[in-house]
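**Student:** Please find one structure pasted underneath; my questions will follow.
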Amino acid sequence: MSNTLHAPHLVEVPQAIPEKAYTTERVGISRQTHDEHLKLWQGYANKTNEIRKALAEMEIDPSKGNQIYSQMRALKANYAFAYGGLINHNVYFSTIGGQGGEATGAVARLIESAYGSFERWVADWKTTGMAGRGWAYLGYDHEEGRVHNYMGDAQDTFPAWNNTLLLAMDVYEHAYYLDFQTARMKYIEAYMQVIDWDAVNVRLSAVTG
Ligand SMILES: [Fe+2]
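Numbering (the working numbering), first residue to last: 1 to 209.
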């Protein structure tokens with residue numbers, strides 16, 4: 001068994017906000033908010049790569065793993081925050097800039113099956129968005145073949161295994177303070193009008209065939 005250094009696989013750092021996302025200006029989520037947000041999105045990608053490099057380059061000695069503090073502990077705990085932050089922003093920016101309104105296609109059927117009606121799902125989603133400190137997540141649960149709204153205080157809380165992220169609503173203040181100050185519900189109401197359900201269905205069909 002060899003314990004040698006190896007070249008890490010790196011993520012692509014986002015270079016621009018998808019043009020479609022800027023159409024959220026029509027509901028008050030501004031271009032400036034997205035442009036500032038891009039810097040944070042890039043930060044998650046850059047830190048993901050930094051941690052991957054550190055892991056690939058470190059001298060790994062199992063006797064040094066320590067649950068109170070150790071290099072491995074710091075790298076692994078922050079990896080979940082960094083990579084999770086890249087993925088949830090990937091989903092956030094690829095699923096806004098649509099027409100919002102009622103869900104369509106296969107995801108609409110899954111939402112109705114899980115929540116009884118779209119209205120009930122909306123109520124749950126908005127309330128989850130107000131209850132979380134950072135995110136609301138719509139996950140497709142491969143165990144049950146159903147969707148569920150998860151709450152996130154951050155990207156490393158509180159997901160469940162074996163879910164595919166279909167929709168991610170950023171409710172950190174940086175996502176709305178510039179446009180709505182502390183009125184998070186106003187931002188959520190605006191967000192509901194720009195969900196791109198086609199993009200959500202593309203994500204769903206990629207994992208359900
Ligand atoms: Fe964000």
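Built from N, CA and C at the ideal position, the CB exists for glycine as well.
1) In its own chain, which residues sit with a C-beta less than 8 Å from the C-beta of ASN88, not counting the 5 before and 5 after it?
2) Check for me: the alpha helix (DSSP H) holding LEU75 runs from which residue to which?
3) Does the pairing of the region 176-186 with the region 81-101 give three or more beta-carbon distances under 8 Å?
4) Keeping to the same chain, check which residues put their C-beta closer than 8 Å to that of ASN162; ignore five residues upstream and five downstream.
5) Near ILE111, what residues of its chain come up, given a Cβ to Cβ distance below 7 Å and the 5 sequence neighbours on each side ignored?
6) Quick one: is ARG133 buried, meaning 16 or more other Cβ sit within 10 Å of its Cβ, or exposed?
7) Could you pull the DSSP bridge partners for VAL147 from this structure?
8) Can you tell which of GLY145, ALA108 and ALA190 has its C-alpha closest to the C-alpha of VAL207?
9) Taking the alpha carbon of GLY125 as the point to measure from, which residue in PHE158, ILE188 and GLY65 has its own alpha carbon closest?
10) Would you identify the three-state DSSP class for GLY43, choosing helix, strand or coil?
11) At the level of alpha carbons, what is the spacing between ALA199 and ALA123?
12) Just to check my reading of the structure: GLY100 and THR23 have Cβ atoms closer than 8 Å, yes? What is that Cβ distance to the nearest angstrom?
13) Using the three-state DSSP reduction, which class does MET1 fall into: helix, strand or coil?
14) Span of the beta strand (DSSP E) holding ASP219?
15) Assuming LEU75 and ILE60 are in contact, meaning their beta carbons sit under 8 Å apart, how far apart are those beta carbons, in whole angstroms?
16) ARG26 to GLY105, Cα distance in whole Å?
17) Over the uninterrupted alpha helix (DSSP H) stretch that includes ASP124, give me the two end residues.
18) Looking only at its chain, what residues have a beta carbon closer than 7 Å to the beta carbon of SER30, apart from the 5 residues adjacent to it on each side?
19) Below 8 Å on the Cβ atoms is my guess for HIS174 versus HIS37; work out the distance and round it to an integer in Å.
20) Put HIS37 into one of helix, strand or coil per three-state DSSP.
21) From ASN3, HIS9 and MET192, pick the residue whose C-alpha is nearest to that of TYR83; which is it?
**Tutor:** Taking the geometry as given:
1) Answer for ASN88: TRP135, TYR137, GLY152, GLN155, LEU165, ALA168 and ASP170, listed in chain order.
2) For LEU75, the enclosing alpha helix (DSSP H) has its first and last residue at 71-94.
3) The region 81-101 and the region 176-186 do not touch, with fewer than three beta-carbon pairs separated by less than 8 Å.
4) Same-chain partners within the cutoff: ASP141, HIS142 and GLU143.
5) Non-local beta-carbon contacts of ILE111 in its own chain, meaning distances under 7 Å to residues more than five positions away in sequence, involve ALA103, PHE118, TRP121 and VAL147 in chain order.
6) Exposed, by the Cβ-count rule.
7) According to DSSP, residue pairing for VAL147 in a beta bridge involves TYR140.
8) The shortest C-alpha separation from VAL207 is found at GLY145.
9) According to the sequence shown, residue 125 is Trp rather than Gly. Closest by alpha carbon: ILE188.
10) Here GLY43 sits in helix by DSSP.
11) A straight-line Cα-Cα distance of about 22 Å links ALA199 and ALA123.
12) Actually they do not touch by this definition, with Cβ atoms about 11 Å apart.
13) Because MET1 sits at a pLDDT of 49, beneath the cut-off of 50, its placement in the model cannot be relied upon, and the following sentence gives the value as read from the coordinates. Residue state, collapsed to three classes: coil.
14) Since the first residue of the chain shown is 1 and the last is 209, residue 219 is not available in this structure.
15) About 11 Å separates the beta carbons of LEU75 and ILE60, which is beyond the 8 Å limit, so they are not a contact pair.
16) The C-alpha of ARG26 lies about 25 Å from the C-alpha of GLY105.
17) That run of the alpha helix (DSSP H) goes 118-131.
18) Within the same chain, SER30 has close Cβ partners LEU178 and ASP179.
19) A Cβ-Cβ distance of about 6 Å is found for the pair HIS174 and HIS37, placing them in contact under the 8 Å criterion.
20) HIS37 carries a helical assignment under DSSP once its states are collapsed to helix, strand and coil.
21) The candidate whose alpha carbon is nearest that of TYR83 is HIS9.
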